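*Asks:* Got a structure for you, written out below as structure tokens; questions coming shortly.
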Amino acid sequence: MAQLRAALILPPDKLAKVSELAACPVAGVSFAAEDGAAAEAATPPPDAVVHKAVFDLAHAATDDAAAARLRLLRRYDESGLLLDPLYKALLFADRGKICRLLASLHPEAQPAFLELRDADADVVARVREVMAQPRAGEGRLRYPLMCKPLLACGPASSHELAVVLREEGLAALRPPLLLQNFVRHGGTLLKGYCVGRRVHVAQRASLPDLVGGAEGPAVVQFDSRQPYPTAADFGAAVVPPPPEDGGTPTWEEQRAAVERLVRAVSAR
Numbered sequence: 026m027a028q029l030r031a032a033l034i035l036p037p038d039k040l041a042k043v044s045e046l047a048a049c050p051v052a053g054v055s056f057a058a059e060d061g062a063a064a065e066a067a068t069p070p071p072d073a074v075v076h077k078a079v080f081d082l083a084h085a086a087t088d089d090a091a092a093a094r095l096r097l098l099r100r101y102d103e104s105g106l107l108l109d110p111l112y113k114a115l116l117f118a119d120r121g122k123i124c125r126l127l128a129s130l131h132p133e134a135q136p137a138f139l140e141l142r143d144a145d146a147d148v149v150a151r152v153r154e155v156m157a158q159p160r161a162g163e164g165r166l167r168y169p170l171m172c173k174p175l176l177a178c179g180p181a182s183s184h185e186l187a188v189v190l191r192e193e194g195l196a197a198l199r200p201p202l203l204l205q206n207f208v209r210h211g212g213t214l215l216k217g218y219c220v221g222r223r224v225h226v227a228q229r230a231s232l233p234d235l236v237g238g239a240e241g242p243a244v245v246q247f248d249s250r251q252p253y254p255t256a257a258d259f260g261a262a263v264v265p266p267p268p269e270d271g272g273t274p275t276w277e278e279q280r281a282a283v284e285r286l287v288r289a290v291s292a293r
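Going by the numbering used here, the first residue of the sequence shown is number 26, and it counts up by one from there.
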């Protein structure tokens, strides 16, 4: 069988992490770094492309190398060489678009959310307005609110999240933002990944169950790349876990539920 060639079109720091791949073939696949500035149109196209298009999209306006990588990816995309069309991959750069997609799939399961795309938006006024009279499709916001930058990848600021427990905590936020109702989830986060027909579900520690309006901090900010805040950071806002009465789904039941959701999203 002929050896397959995969192009690594990645930012320098990401490329350094996988540099050992270029040393020798893996399972019959050879890996080679490519960048938009050096790639020649006459170069035989690769059989597969490993990329971070979301990162390059976020930086293309201010980083010539990122813009060059994105142009190269668009060229490969036009030739049908990317596993997913580029527009689908770039969908994940925008948390608001993802929320709207998920809401269209399963409206009753999607937490109420609000997109603030204008950098000059009055966060307090807009949240008050939606809490008082939500528009069609928005749902009714309530505290606590999970707050995230709309841009999901690229600059360090895309990982700067916050939980707002009372209105005064909104003063710490700067649009563009996505605000969502915080959903109690027992301090456990389930992450589902789908490649082709294979689904992998992982479990990790998450934020404690919380209630809005309690005494203590009005907002808790954190970096999602670092360990999450603990119950001590939220003070009186923490809700004690319910007693174990046998009604909690087993790990097998939880995993099966996540797999169904992941397959539905993948199909969409």
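By construction, the Cβ of each residue, glycine as well, lies at the ideal position given by its N, Cα and C atoms.
This structure is a prediction, so every number in the text was calculated from the model and none was measured.
1) Who are the Cβ neighbours of residue 280 in its own chain at under 6 angstroms, not counting the five residues just before and after it?
2) Quick one: any contact between the segment 202-209 and the segment 135-146, if contact means 3 or more CB pairs under 8 angstroms?
3) For residue 34, which beta-bridge partners are listed by DSSP?
4) Can you have a look at residue 118 and say buried or exposed, based on whether 16 or more other CB atoms are within 10 angstroms of its CB?
5) Under the assumption that residue 166 contacts residue 137 (Cβ atoms under 8 angstroms), give the Cβ distance between them as a whole number of angstroms.
6) Taking 7 angstroms as the limit between beta carbons, can you name the residues of its chain near residue 286, skipping five residues before and five after?
7) Work out the CA separation of residue 186 and residue 36 for me, nearest whole Å.
8) Using three-state DSSP, classify residue 251 as helix, strand or coil.
9) Going by the DSSP bridge assignment, what does residue 213 pair with across the sheet?
10) Identify whether residue 204 lies in helix, strand or coil by the three-state DSSP scheme.
11) Give a yes or no on whether the C-beta atoms belonging to residue 149 and residue 195 are separated by under 9 angstroms.
12) Quick check: what's the CA-CA separation for residue 90 versus residue 168?
13) Report buried or exposed for residue 294, applying the criterion of at least 16 other Cβ atoms within 10 angstroms of its Cβ.
14) Taking DSSP as the reference, what is the three-state secondary structure of residue 174?
15) Put residue 119 into one of helix, strand or coil per three-state DSSP.
*Replies:* Considering the structure as presented:
1) Counting from 1 along the sequence shown, the entry for residue 280 is found at position 255. Same-chain partners within the cutoff: 226.
2) yes
3) In the sequence shown, counting from the first residue as 1, residue 34 sits at position 9. DSSP output for residue 34 lists 76 as bridge partner(s).
4) The residue given as residue 118 occupies position 93 in the sequence shown. Buried.
5) For the purposes of this step, residue 166 is identified with residue 141 of the sequence shown, where counting begins at 1. For the purposes of this step, residue 137 is identified with residue 112 of the sequence shown, where counting begins at 1. Right, the Cβ-Cβ distance comes to about 5 angstroms (below 8 angstroms), so this counts as a contact.
6) Numbered from its first residue, the sequence shown carries residue 286 at position 261. Answer for residue 286: 217, listed in chain order.
7) The count along the sequence shown starts at 1 and reaches residue 36 at position 11. The count along the sequence shown starts at 1 and reaches residue 186 at position 161. Approximately 24 angstroms between the Cα atoms of the pair.
8) By one-based count along the sequence shown, residue 251 stands at place 226. Residue state, collapsed to three classes: coil.
9) Residue numbering aside, residue 213 sits at position 188 when the sequence shown is read from its first letter. Its beta-bridge partners are 230.
10) For the purposes of this step, residue 204 is identified with residue 179 of the sequence shown, where counting begins at 1. If DSSP states are grouped into helix, strand and coil, residue 204 belongs with the strands.
11) Here the question's residue 149 lines up with position 124 in the sequence shown. Here the question's residue 195 lines up with position 170 in the sequence shown. Cβ atoms of residue 149 and residue 195: closer than 9 angstroms.
12) In the sequence shown, counting from the first residue as 1, residue 90 sits at position 65. In the sequence shown, counting from the first residue as 1, residue 168 sits at position 143. Approximately 42 angstroms, taken between the alpha carbons.
13) What the structure shows of the chain is the stretch from 26 to 293, and residue 294 is not part of that stretch, so it cannot be assessed.
14) The residue labelled residue 174 in the question sits at position 149 within the sequence shown. Residue 174 falls in the strand class under three-state DSSP.
15) Residue 119 sits at position 94 when you count from the first residue of the sequence shown. Here residue 119 sits in strand by DSSP.
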